[in-house]
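Residue numbers (this note's numbering): 661 to 869. The beta carbon of each residue, even a glycine, is placed where N, CA and C say it ideally should be. Predicted model, so just to flag it, every value in this text is computed and none were measured. Structure first, commentary second.
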Amino acid sequence: MAFIKRNYGWIIVVILACLPLIPLLNMLQIDFSNGISVSLTESAGNNGRTTAEMMYHVSGEFAIRWMTAVLTLTPWFILFGTTNLFVRQAMGIATAVWSFLHFIIFVWIEGFLETFTEVNYIAGFIAVLIIIPLFLTSNRKSMKRLKTNWKKLQSFSYAVIFLSLLHVAILEKTWLIYALIVGIGFIVRLPFVKERIIAFRNKRSASNF
Ligand code: HEM
Numbered sequence: 661m662a663f664i665k666r667n668y669g670w671i672i673v674v675i676l677a678c679l680p681l682i683p684l685l686n687m688l689q690i691d692f693s694n695g696i697s698v699s700l701t702e703s704a705g706n707n708g709r710t711t712a713e714m715m716y717h718v719s720g721e722f723a724i725r726w727m728t729a730v731l732t733l734t735p736w737f738i739l740f741g742t743t744n745l746f747v748r749q750a751m752g753i754a755t756a757v758w759s760f761l762h763f764i765i766f767v768w769i770e771g772f773l774e775t776f777t778e779v780n781y782i783a784g785f786i787a788v789l790i791i792i793p794l795f796l797t798s799n800r801k802s803m804k805r806l807k808t809n810w811k812k813l814q815s816f817s818y819a820v821i822f823l824s825l826l827h828v829a830i831l832e833k834t835w836l837i838y839a840l841i842v843g844i845g846f847i848v849r850l851p852f853v854k855e856r857i858i859a860f861r862n863k864r865s866a867s868n869f
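And the structure:
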C-alpha cells in the first residue's frame, strides 16, 4: 500500500500509456496454425479509415499527446510550483514508446524505404531518431554522468516537437491544439515571463502567512 501511495503518479501514467494497446491489438489477427503469423484485422477502422490508417491514427495521436504533456511539465512547474521527477520520466518513456510503435507499425505495413518518399515522413523520421538518445538518457545515472550536457541534450525535445508538428500539419491532421499548448508553454518559459510568475507566486504565498 505504501508503494502505491508513494508511486501513484507514475503508476497512473503507466496505466494510461498502456490502455491504447487494447484497441491496437484488436486490429491484429494472430494466427498460430502455421508458426506465428500476424496480419491486420479487416475493416477495424472507423470514420472511413482502413485498419492501417486506424493504427497510424491511434499510435500517432498518443505519441503527440504524451509529447505535448511532457513538454507542459516545466511551464506547469513555473505556474504552480509542483513537479514530480518520476512522473516526468514515465511520461517521457510513454512518448518515446508510442513514437517508436508508430514508426514500427509504419515500417511493418509499408516497408522502411517508404519513409523516404514524403517530406512529412522524413520530418517524423528525424524526430524518431532524436528521440532515441533522449529515451536512452532519461534516467538518473545518465543525468549524473552527463551533468550540464544532459540539459543540453534534453533541449533537443524542442526540435522533436517541431518536427512532429510539421509531420502532422503536412498530413493535414489535428496539430493546432498541440502547437497552441506547446506555444503557451514556451511563452511561460521565457526568462522575463518566468521571473514575473515566480515573483507573483512568492508574493501570494508570503501574504497567505
Ligand atoms: C518515421 C517516422 C514516422 C512515419 C513514417 C509516420 C507515418 C505516419 C503515417 C503514415 C500517418 C497516417 C497518415 C494518414 O492517415 O494520412 C501518420 C499520422 C500521424 N503521425 Fe506519424 N509518422 C512518423 C513519426 C511520427 C512522430 C514522431 C509523431 C509524433 C510524436 C507522429 C504523429 C502522428 C500523428 C499525430 C498522426 C495523425 C494521426 C491521425 O490523426 O490520423 N508521427 N504518421
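M751 and A787: beta carbons closer than 8 Å?
As a working note, residue 751 is residue 91 in the sequence shown. As a working note, residue 787 is residue 127 in the sequence shown. Contact flag unset, no.
So if I measure from each beta-carbon to every heavy atom of ligand 1 and keep distances below 6 Å, which residues remain?
Checking every Cβ against the heavy atoms of ligand 1 under 6 Å gives E713, Y716, H717, G720, E721, A723, I724, M727, S759, H762, F763, F766, T775, Y781, G784, F785, A787, V788, S824, H827, V828, L831, K833 and T834.
State yes or no: is the C-beta of H827 within less than 8 Å of the C-beta of G784?
For the purposes of this step, residue 827 is taken as the residue at position 167 of the sequence shown. For the purposes of this step, residue 784 is taken as the residue at position 124 of the sequence shown. In contact: H827 and G784 (Cβ atoms closer than 8 Å).
Nearest CA to the CA of Y781: which residue from M727, L825, I847 and R861?
Within the sequence shown, numbered from 1, the residue matching residue 781 stands at position 121. The option with the nearest alpha carbon to Y781 is L825.
Please identify the residue among I769, P680 and F722 whose C-alpha is closest to the C-alpha of Y838.
By 1-based counting over the sequence shown, the position of residue 838 is 178. Ranking the options by Cα distance to Y838, first place goes to F722.
At the level of alpha carbons, what is the spacing between L745 and I764?
For this step, residue 745 is matched to residue 85 along the sequence shown. For this step, residue 764 is matched to residue 104 along the sequence shown. Their backbone Cα atoms lie some 28 Å apart in a straight line.
Taking contact to mean 3 or more Cβ pairs, one atom from each stretch, closer than 8 Å, check whether the segment 673-691 and the segment 731-745 are in contact.
At 8 Å Cβ cutoff, the stretches do not touch.
Do V747 and V842 count as a contact pair if the criterion is CB distance below 8 Å?
Locating residue 842 in the sequence shown gives position 182, where the first residue counts as 1. Locating residue 747 in the sequence shown gives position 87, where the first residue counts as 1. Not closer than 8 Å, so no.
What's the call for L789, buried or exposed, on a 16-neighbour Cβ count within 10 Å?
To locate residue 789, count along the sequence shown from 1; it is residue 129. Burial call: exposed.
Around the C-beta of V767, are 16 or more other C-beta atoms found within 10 angstroms, so that it is buried, or is it exposed?
Along the sequence shown, one-based indexing puts residue 767 at 107. By the neighbour-count rule (16 or more Cβ atoms within 10 Å), V767 is not buried but exposed.
Thinking just about the alpha-carbon of each residue, which of A829, L739 and A704 is nearest to the one in N686?
Sequence index remark: in the sequence shown, residue 686 carries index 26 (1-based). Among A829, L739 and A704, the Cα nearest to that of N686 belongs to A704.
According to DSSP, which residues form a beta bridge with I690?
Locating residue 690 in the sequence shown gives position 30, where the first residue counts as 1. According to DSSP, which records beta bridges pairwise, I690 is partnered with V698.
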